[in-house]
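Its first residue numbered 3, the sequence shown is counted upward by one per residue in this note's numbering. Using N, Cα and C, we set each Cβ at its ideal position, and we do this for glycine too. The model shown is predicted, which means the values in this text are computed figures rather than measured ones. Following: one structure in structure tokens, then a few remarks.
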Amino acid sequence: GFWYFGNIMHRYDPNRHVWRYDIGGYAWDNSEQGVDIWLSYAFLRSGRADIFRLAENMIRHTGEVDVYHLGRFAGLGSRHNVVPWGDGSKQLRISTAENLRIIYYLTADERIGDLMREELHADVTAGQVPVERKVSVKMSTVTGKPYPMNFLSGVEWTSIASAWLTEWERTGDVQWRDRLLTGMKSIAALPHGWMSAGGGYYPDTGKFVRRDDDFYMSPLTASFGGFEVNVELIQLLEVPEFEKSWLDYCKYYNTDLDAKRKAFGADFPAELGKLNLTQAHSRLTAYAAWKLHDPALADRAWTEFFSAAGAGMKLLPEPITVTHVTGPTVLSPVDEFDVTTNAAVGFGLSAQENLGLIGDQIPARFGP
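Now the structure itself:
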């Protein structure tokens with residue numbers, strides 16, 4: 003219908019043999035893990051009209067319906083719920099301009115341009131809403147006073163950075179470039195750089211300041227376009243300390259606890275040892291391999307990709323097996339196969355980006 007056209011369902015229910023249209027958190031996809039970005043890149047690689055239409059329709063939906071344009075949540079998106087805008091979590095990772103950038107540049111559609119421009123000050127809105135869905139005020143370890151707001155350098159800053167980057171590209175206005183530079187330099191200056199949980203944040207300047215000395219890594223930091231935004235920023239702006247910190251994050255995300263502790267110290271938290279979305283993060287390893295000209299990292303990236311570990315999707319040697327379900331278990335016959343949208347996105351982005359970065363280094367053990 004009108005409010006749903008262009009979106010896809012997030013999770014299939016193999017027990018009821020229907021999409022989970024009625025279960026909050028599993029219903030509408032709302033750009034989860036960067037579906038819009040995956041489809042846009044898939045069109046760029048393939049030139050297929052059907053993929054373009056799917057990407058365009060989804061981006062129009064997620065940019066219009068899943069994002070608030072007025073009121074206290076303006077500039078924030080709503081996570082996947084039964085009603086597209088009904089989830090209690092209002093976040094930048096859903097409204098990120100990174101979802102819209104490619105289709106905008108392909109179509110020059112100024113309505114999509116308007117939607118990206120709406121995000122320029124969404125960091126201010128995020129500071130007025132409990133983005134993490136839990137009310138907490140962390141105190142500054144320097145002054146003992148709360149900062150204006152707490153901000154994650156991952157899904158929150160990279161989301162707003164994509165809007166600033168696009169505005170700088172579209173207008174040439176250097177204020178947005180300067181905000182990007184401020185953010186990049188101040189993130190790198192945090193105690194552990196990209197392995198810090200963000201910090202205190204000043205939305206008037208875009209600057210991060212030290213909040214605590216904790217290590218932090220999350221499966222979401224590089225999701226929702228975070229990886230792609232940082233890669234573009236490193237290409238466009240020369241901030242060596244930012245690049246080094248991001249390369250460390252890419253290199254060590256998929257490593258085990260021993261490797262992390264060897265690199266960063268014995269006090270590295272055990273819970274940050276083996277993290278989820280291994281296959282999806284193989285593209286981070288591939289990027290580090292490409293930038294550092296490291297064949298061992300390239301080999302590891304392909305191993306991570308083909309393992310399909312961490313909610314991944316196996317590369318099948320034969321066509322996907324489709325099961326025809328009929329009889330008393332379903333109201334109407336249905337054809338289904340075992341895949342999730344999260345797995346498809348992680349697989350799709352990593353397959354494309356790994357091939358682009360280290361496609362000439364696929365180990366022989368994985369076949370021709």
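Nearest-angstrom Cα separation, counted from residue j out to residue i
i: residue 249; j: residue 49; result: 31 Å
i: residue 43; j: residue 351; result: 8 Å
i: residue 231; j: residue 186; result: 12 Å
i: residue 344; j: residue 12; result: 8 Å
i: residue 90; j: residue 22; result: 18 Å
i: residue 303; j: residue 277; result: 15 Å
i: residue 97; j: residue 88; result: 15 Å
i: residue 28; j: residue 3; result: 19 Å
i: residue 265; j: residue 251; result: 11 Å
i: residue 289; j: residue 236; result: 12 Å
i: residue 58; j: residue 310; result: 28 Å
i: residue 224; j: residue 283; result: 8 Å
i: residue 72; j: residue 100; result: 20 Å
i: residue 365; j: residue 261; result: 23 Å
i: residue 317; j: residue 175; result: 44 Å
i: residue 268; j: residue 55; result: 50 Å
i: residue 220; j: residue 332; result: 38 Å
i: residue 178; j: residue 210; result: 16 Å
i: residue 143; j: residue 129; result: Bear in mind that the predicted position of residue 143 carries a pLDDT of just 46, short of 50, making it too unreliable to give a figure here.
i: residue 5; j: residue 337; result: 26 Å
i: residue 307; j: residue 47; result: 19 Å
i: residue 2; j: residue 104; result: Any question about residue 2 goes unanswered here, given that the chain covers just 3 to 370.
i: residue 26; j: residue 18; result: 16 Å
i: residue 193; j: residue 242; result: 16 Å
i: residue 294; j: residue 124; result: 35 Å
i: residue 7; j: residue 76; result: 22 Å
i: residue 358; j: residue 347; result: 17 Å
i: residue 41; j: residue 168; result: 19 Å
i: residue 51; j: residue 150; result: 46 Å
i: residue 138; j: residue 353; result: Any reading at residue 138 must be qualified, since the residue scores a pLDDT of 47, below 50, and its modelled position is unreliable; the value itself is stated next. The alpha-carbon atoms of residue 138 and residue 353 are separated by roughly 38 Å.
Neighbourhood of residue i by C-beta, 6 Å cutoff - its chain only, sequence neighbours within 5 removed
i: residue 195; result: 247
i: residue 131; result: 92
i: residue 145; result: Interpretation of residue 145 is limited by its pLDDT of 46, a score under 50 that renders its predicted location unreliable; no figure is taken from the coordinates.
i: residue 291; result: 299, 300, 303, 360
i: residue 244; result: 186, 190
i: residue 222; result: 157
Chain-order list of residues whose beta-carbon lies under 7 Å from that of residue i (same chain, five-residue window excluded)
i: residue 349; result: 281, 314, 315
i: residue 339; result: 322, 323, 324, 325
i: residue 229; result: 285, 286
i: residue 106; result: 114, 115, 118
i: residue 102; result: 61, 65, 114, 117, 118
i: residue 368; result: 304, 308
i: residue 263; result: 270
Contact belief for residue i with residue j at Cβ below 8 Å, rounded distance in angstroms
i: residue 53; j: residue 45; result: 5 Å
i: residue 285; j: residue 355; result: 4 Å
i: residue 122; j: residue 166; result: 7 Å
i: residue 127; j: residue 78; result: 6 Å
i: residue 218; j: residue 198; result: 6 Å
i: residue 207; j: residue 173; result: Their Cβ separation, rounded to whole angstroms, is 19 Å, which puts residue 207 and residue 173 out of contact at 8 Å.
i: residue 213; j: residue 152; result: 7 Å
i: residue 279; j: residue 312; result: 5 Å
Selected residue, minimal CA-CA separation from residue i, among the options
i: residue 335; options: 11, 10, 20, 8; result: 20
i: residue 164; options: 221, 217, 175, 227; result: 227
i: residue 180; options: 127, 225, 239; result: 239
i: residue 70; options: 120, 101, 26, 47; result: 120
i: residue 342; options: 14, 5, 361, 7; result: 14
i: residue 162; options: 95, 104, 193; result: 95
i: residue 363; options: 245, 305, 192, 330; result: 305
i: residue 216; options: 154, 222, 241, 245; result: 154
i: residue 16; options: 168, 182, 150, 327; result: 327
Own chain, CB closer than 8 Å to residue i, minus 5 neighbours either side, in chain order
i: residue 9; result: 30, 31, 32, 60, 63, 64, 67, 68, 86
i: residue 259; result: 270, 272, 274, 275, 276
i: residue 296; result: 290
i: residue 371; result: The requested residue 371 does not occur in the structure, where the chain is confined to residues 3 to 370.
i: residue 182; result: 163, 166, 167, 170, 208, 235, 239
Heavy atom of the ligand GTP within 7 Å of residue i beta-carbon
i: residue 86; result: This structure does not include the ligand GTP; it has no bound ligands of any sort.
Worksheet entry | contact_flag[the stretch 314 to 333, the stretch 251 to 259] where n(CB pairs < 8 Å) is 3 or more | Proximity of the stretch 314 to 333 to the stretch 251 to 259 falls short of the contact definition, fewer than three beta-carbon pairs being nearer than 8 Å.
Worksheet item: Given 8 Å as the limit, is there contact between the stretch 151 to 160 and the stretch 203 to 222, that is, 3 or more CB pairs closer than that?
Response: yes
Discussion item. So, does the stretch 80 to 89 touch the stretch 25 to 36, judging by three or more C-beta pairs under 8 Å?
Written reply: yes
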